[in-house]
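Working notes, beginning with the structure itself.
In the numbering used here, the protein residues as written are 2 to 563.
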C-alpha cells in the first residue's frame with residue numbers, strides 16, 4: 002500500500018489552528034457566558050425571494066436571499082440553495098457566495114422533472130445546527146408539458162408548516178411607470194421611491210405567475226444549542242472524519258491530505274482533532290472539480306475517511322397539495338411552455354458561459370525553481386536516470402536499502418527536511434513505485450528547491466511529477482484515500498435574462514426583468530427600464546425586500562401588453 006508523504010509530522014497544521022482560532026474568537030464570548038447561559042452565536046435567518054412561482058421544466062429559477070437578523074459579522078460566506086420535492090428529495094442544488102448579508106443566483110430545473118409542487122430552500126452550513134425548520138422556503142409550481150406524470154398530492158400531512166401569501170401592505174415603496182398600456186417590444190420605464198430598506202429585488206412576470214407564497218416553518222429559531230456544523234467564515238469547506246475501520250474509533254492528530262487535481266493544481270494538509278474530525282477551507286472556484294483525500298498511513302491502524310455531505314440530509318416533509326391549475330392558469334402555462342420551447346430553439350445559453358476566457362490555473366507553489374521536460378532529452382530507460390544522469394535539482398539516494406528523493410538547495414534546512422513528492426498533485430511517499438513508472442508517461446517534473454511551508458508542516462522542497470494524461474502514471478494510489486467530485490460555487494454566468502437584440506428573432510421571455518439586488522445607494526429613488534416581449538397579457542412588476550427592521554414586504558404594479 003502506498004503511503005502519503007507528510008513532512009514533519011511532529012508539527013501541528015497552522016491552517017487548522019487558524020480556523021480553530023477564528024471559531025474561538027467567534028464563540029469565546031458566548032462560551033464564557035455560556036457557563037451560565039450555555040449559548041453559542043445565533044445562526045442566520047434568511048428571507049428568500051424568486052422571480053416568479055410558475056415555471057416550465059428546463060427553465061431557470063432566479064432567486065435572491067437576504068439575512069434578516071443580526072448574527073455576528075462575517076459568520077458565513079456560503080449559502081446553499083436546493084430545489085426539493087415535498088418529501089425532501091433534492092432534484093438540484095448549488096452553492097452561492099454570501100456577501101454583505103445577501104446572495105443571489107439561479108438553479109436550472111431538470112428537464113425530466115414531472116409536473117407538481119416543489120420547493121426552493123436556502124441555508125448556511127451553520128444553520129444546519131438548528132435543523133431544516135430554520136431554513137427559508139418558497140413554493141414553486143413546475144409544469145412539464147412533455148410528461149403526463151404528476152407528483153402525487155397529499156393534503157392530509159400534519160406537520161404544522163404554514164404557507165402564507167405575503168401581501169403588499171405597509172411597505173415603504175411607491176411605484177410609477179411611464180404609462181399603463183404597452184405594445185410588444187416597447188420600453189417600460191419604472192421609478193421606485195423607497196424608504197428605509199435593507200435589501201430589494203424586482204421582477205416583471207405574467208400576472209398569474211407572480212410569486213408571493215412563502216413557508217413559515219414551525220421552527221424558525223436561530224438559537225444554536227450545540228455545534229455540529231462550523232460556520233464557513235472563510236469560504237467553501239470540506240469536513241469529515243478519519244477513523245479506524247476495525248475499531249471505529251476516530252484517529253486523533255492524524256494528517257490528512259487534500260489534492261485538487263486536473264484544473265485546480267492545489268494541495269493541502271491538515272491534522273484531525275481529538276475525535277478524528279478534519280476541516281479544509283477551499284479556494285473559491287466555480288463548477289465541479291475532482292478532489293483526492295488521503296490519510297496518513299499509521300502503522301497498526303486501518304484508516305478510513307468519511308466525508309460530510311455538502312447539503313443538509315436531515316429529513317423534512319413539506320406541504321404536498323394536489324396540483325391544480327384553473328382555466329386561466331392553464332392558458333398561461335401553455336403559452337409559457339411554447340415560449341420556452343421557442344427560446345430553446347433560438348438561444349444557445351452555453352455561448353454566454355463559454356465565451357468567457359478561462360485562465361489556466363497556476364500550481365499552488367507558484368513558479369517552480371526548475372522544470373525538467375522529459376521530451377527535450379533522448380529517452381532514458383528509467384525515471385531514476387533522468388534525476389541522476391541529467392543536470393537536476395533532485396537526486397535519488399539510498400538509505401538502509403531504500404530509495405528516497407533529495408532536493409538540492411542552498412538553504413541549510415534542506416539538509417534534513419524531506420520533500421513533498423506529488424504525482425498529478427497527489428502526495429505519494431513510495432519512491433520505489435514512482436521510479437518504477439514508465440518515463441514515457443511523464444510530461445515534466447517541476448521542482449521547488451527551498452523549504453516550503455503548508456500550515457505548520459515544513460517540507461524540504463517540492464518534487465511535482467506531471468503526467469501526460471493526468472493518470473498518475475499508472476501508480477496505484479492508497480486504498481484508504483478517496484476521489485470526490487466536488488461542487489464548488491455555482492457559476493452564475495447563465496443567470497442573465499437576455500433580451501433578443503435582433504427584430505428577426507422572437508422574444509419569448511417568460512420573465513421580462515429580474516434584478517436580484519437593486520442598488521439603493523443612489524438615494525430614495527431607483528430607476529430602471531425593460532422592454533416588453535412578444536407575448537401579450539397582463540404583467541406584474543413586483544418588488545420584494547427586507548426593511549431595516551428585518552420584516553418582509555412586497556409591492557406590486559400591473560401593466561398591460563396588447
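Note that CB positions come from ideal geometry on N, CA and C, so glycine has one too. Keep in mind the model is a prediction, meaning the values are calculated, not measured.
Beta-bridge partners of residue i, as assigned by DSSP
i, result
"residue 483", "294"
"residue 406", "397"
"residue 463", "421 and 449"
"residue 119", "141"
"residue 494", "DSSP, once it has assigned bridges, lists no residue as partnering residue 494."
"residue 321", "155"
"residue 314", "Residue 314 is not bridged to any residue."
"residue 458", "455"
Span separating the alpha-carbon of residue i from that of residue j
i, j, result
"residue 563", "residue 336", "15 Å"
"residue 551", "residue 124", "17 Å"
"residue 232", "residue 96", "14 Å"
"residue 334", "residue 57", "8 Å"
"residue 301", "residue 282", "30 Å"
"residue 407", "residue 414", "12 Å"
"residue 484", "residue 294", "7 Å"
"residue 514", "residue 98", "22 Å"
"residue 319", "residue 488", "26 Å"
"residue 475", "residue 241", "28 Å"
"residue 183", "residue 512", "16 Å"
"residue 521", "residue 411", "57 Å"
"residue 258", "residue 519", "43 Å"
"residue 365", "residue 416", "24 Å"
"residue 497", "residue 50", "17 Å"
"residue 277", "residue 235", "21 Å"
"residue 565", "residue 77", "Nothing can be reported for residue 565: it is not among the residues displayed for the chain, which extend from 2 to 563."
"residue 317", "residue 537", "40 Å"
"residue 499", "residue 532", "11 Å"
"residue 391", "residue 373", "9 Å"
"residue 481", "residue 304", "6 Å"
"residue 93", "residue 62", "11 Å"
"residue 133", "residue 181", "43 Å"
"residue 109", "residue 140", "15 Å"
"residue 106", "residue 479", "39 Å"
"residue 55", "residue 145", "11 Å"
"residue 212", "residue 175", "19 Å"
"residue 490", "residue 265", "14 Å"
"residue 560", "residue 539", "6 Å"
Nonlocal neighbours in the same chain, by C-beta distance under 8 Å from residue i, ignoring five residues either side
i, result
"residue 380", "440 and 441"
"residue 375", "387, 440, 443, 444, 445 and 446"
"residue 129", "229, 230, 313 and 315"
"residue 75", "234"
Beta-carbon contacts of residue i that lie in its chain and below 7 Å, excluding the five residues immediately before and after
i, result
"residue 263", "290, 291 and 471"
"residue 104", "66, 80, 97 and 98"
"residue 525", "194 and 195"
Residues near residue i in its chain [Cβ-Cβ closer than 6 Å; skip 5 each side]
i, result
"residue 465", "423 and 447"
"residue 122", "83, 136 and 138"
"residue 190", "179 and 530"
"residue 69", "46, 48, 547 and 551"
**Request:** Decide yes or no for the touch test of the stretch 442-450 against the stretch 249-256: beta carbon pairs closer than 8 Å, at least 3 of them.
**Result:** Too few Cβ pairs lie closer than 8 Å, so no.
**Item:** Meets three-Cβ-pair contact criterion under 8 Å: the stretch 432-439 and the stretch 381-398
**Value:** These segments touch.
**Message:** Tell me whether the stretch 110-118 and the stretch 497-509 touch, counting them as touching only if at least three CB pairs, one residue from each stretch, are closer than 8 Å.
**Reply:** No, because fewer than three Cβ pairs between the stretch 110-118 and the stretch 497-509 fall closer than 8 Å, the two stretches do not touch.
**Asked** Going along the chain, which unbroken runs of the beta strand (DSSP E) with 3 or more residues stay wholly within the stretch 171-244?
**Response** Listed in chain order, the complete beta strand (DSSP E) runs (minimum 3 residues) inside the stretch 171-244 are 175-178, 188-194, 198-207 and 214-217.
**Request:** Run through the stretch 28-91 for me and flag every whole beta strand (DSSP E) of 3 or more residues, listed as ranges in chain order.
**Result:** 47-51, 55-57, 61-68 and 79-85, all fully within the stretch 28-91.
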